[in-house]
Amino acid sequence: LEKNPFAIDFAYFFRANLDVEAMNKACDILFEYKDFQCFSKSNTDVKTYICTISKAHWKQEGTELHFEITADRFLRNMVRAIVGTMIEVGLGKISVSDVHEIIKSKDRGKAGYSVPAHGLYLTKIEYPKEIKLNA
């Protein structure tokens, strides 16, 4: 993928060829689980690591590769760790099936590295229909 000097502070640049198809197959595995402790920052004070991921996929747009993820909540560092893990799948360092074992391990050390935060954007917040705001 091509580096853009105008987006240096707004995107994560990665110079290797990635197997996007394998990365998307690994994303599909995320839907099978609820406990994402392996992607949470270590020693985080949370009561539960349970999250429901409803969307996770990579798409190529010209010279850019975009990752979109939707969940009912995110753990600290979760998206950065998922992206790092998916990049390792795309590089062939870990297999698609290894993602099952990583998630089941609940061990942050077994998941991929955390990518830098630049390029990570919160684009939408949706509240459950049960929550109504009285104006």
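Under the numbering used here, the letters of the sequence shown match residues 1460 to 1594, in that order.
From the three backbone atoms N, C-alpha and C, an ideal C-beta is built for every residue, glycine too.
ALA1501, DSSP secondary structure in three states: The sequence shown places Ser at residue 1501, rather than the Ala named in the question. SER1501: coil per DSSP, three-state reduction.
The stretch 1559 to 1567 touching the stretch 1524 to 1532, judged by at least three CB pairs closer than 8 Å: Taking 8 Å as the limit for Cβ pairs, the verdict is that the stretch 1524 to 1532 does not touch the stretch 1559 to 1567.
Every unbroken alpha helix (DSSP H) within the stretch 1522 to 1589, with a cutoff of 4 residues, ordered by chain: The stretch 1522 to 1589 contains these whole alpha helix (DSSP H) runs: 1537 to 1550, 1557 to 1564.
Local Cβ density within 10 Å of GLY1571, reported as buried at 16 or more and exposed below that: Under this definition GLY1571 is a buried residue.
DSSP-derived helix/strand/coil call for ASP1494: Residue state, collapsed to three classes: strand.
Residue of GLY1549, ILE1467, CYS1497, ALA1466 minimising C-alpha distance to LYS1595: In the structure as shown, the chain starts at 1460 and stops at 1594, and residue 1595 therefore has no counterpart that could be examined.
Residues near ALA1530 by beta carbon distance below 7 Å, same chain, minus five either side: Residues of the same chain with a CB within less than 7 Å of the CB of ALA1530, apart from the 5 flanking positions on each side, are CYS1510, THR1511, ILE1512, SER1513 in chain order.
Start and end residues, alpha helix (DSSP H) containing ILE1488: Run containing ILE1488: 1479 to 1489, per the alpha helix (DSSP H) assignment.
Beta-carbon proximity list for VAL1555, same chain, < 8 Å, skipping 5 on both sides: Correct list, in chain order: ALA1481, LYS1484, ALA1485, ILE1488, VAL1548.
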